[in-house]
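Per the working numbering, the very first residue in the sequence shown carries number 28; after that it's consecutive.
Glycine included, C-beta positions come from ideal geometry on N, C-alpha and C.
Please read these numbers as outputs of a predicted model, since none were measured by experiment.
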Amino acid sequence: MPSRGLVLRLALLVIVALAAVAADFGIFLYRQRHGEVISFVNVRKYVASPLKNGKYEFDYIGDMDVPCVEAMLPHHRMPPCWWVGLHTDHWD
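Shown next as structure tokens:
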């Protein structure tokens, strides 16, 4: 049976996580009202094309701007800009 201290620590962890998500969403809504929530990050786009022999050919398509949100978590089906900035190579 789990000890009482472990249950309290897990409950505190859940409360802190929910508070962080609520604060992030509140800040997102505030910034959305002021029109400064969506940014763009430049990424390199690649495509992998299968060849007849079972191997793949990798082609560079070009640079493109990816829309992202200035937040800790994704909102409106857009990734956060810090995540897009860390992953600047996109594959199709």
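Compute the distance between the beta-carbons of Val-70 and Asp-116, then report whether it is under 8 angstroms. Within the sequence shown, residue 70 is the residue found at index 43, counting from 1. Within the sequence shown, residue 116 is the residue found at index 89, counting from 1. Yes. Within cutoff.
If distances are taken between C-alpha atoms only, which option among Asp-90, Tyr-87, Trp-109 and Asp-86 comes closest to Val-96? Locating residue 96 in the sequence shown gives position 69, where the first residue counts as 1. The candidate whose alpha carbon is nearest that of Val-96 is Trp-109.
Do you know whose CA, among Lys-72, Gly-81 and Asn-80, lies nearest Met-91's CA? Numbered from 1 along the sequence shown, position 64 holds the residue referred to as residue 91. The shortest Cα separation from Met-91 among Lys-72, Gly-81 and Asn-80 belongs to Lys-72.
Across which residues does DSSP place Gly-89 in a beta bridge pair? Stepping through the sequence shown from its first residue, residue 89 is reached at position 62. Answer is Lys-72.
Where does Val-111 fall in DSSP's three states? Stepping through the sequence shown from its first residue, residue 111 is reached at position 84. Helix, per DSSP.
Helix, strand or coil for Val-96? Go by DSSP, reduced to three states. The residue given as residue 96 occupies position 69 in the sequence shown. Strand at Val-96.
If we cut at 8 angstroms on Cβ distances, does Gly-81 have a partner in chain C? Within the model displayed, chain C is absent; a lone protein chain is all it includes.
If Val-68 and Gly-112 are in contact, beta carbons under 8 angstroms, what's the gap, nearest whole angstrom? Here residue 68 refers to the residue found at position 41 when the sequence shown is read from its first residue. Here residue 112 refers to the residue found at position 85 when the sequence shown is read from its first residue. About 5 angstroms separates the beta carbons of Val-68 and Gly-112, which is inside the 8 angstroms limit, making them a contact pair.
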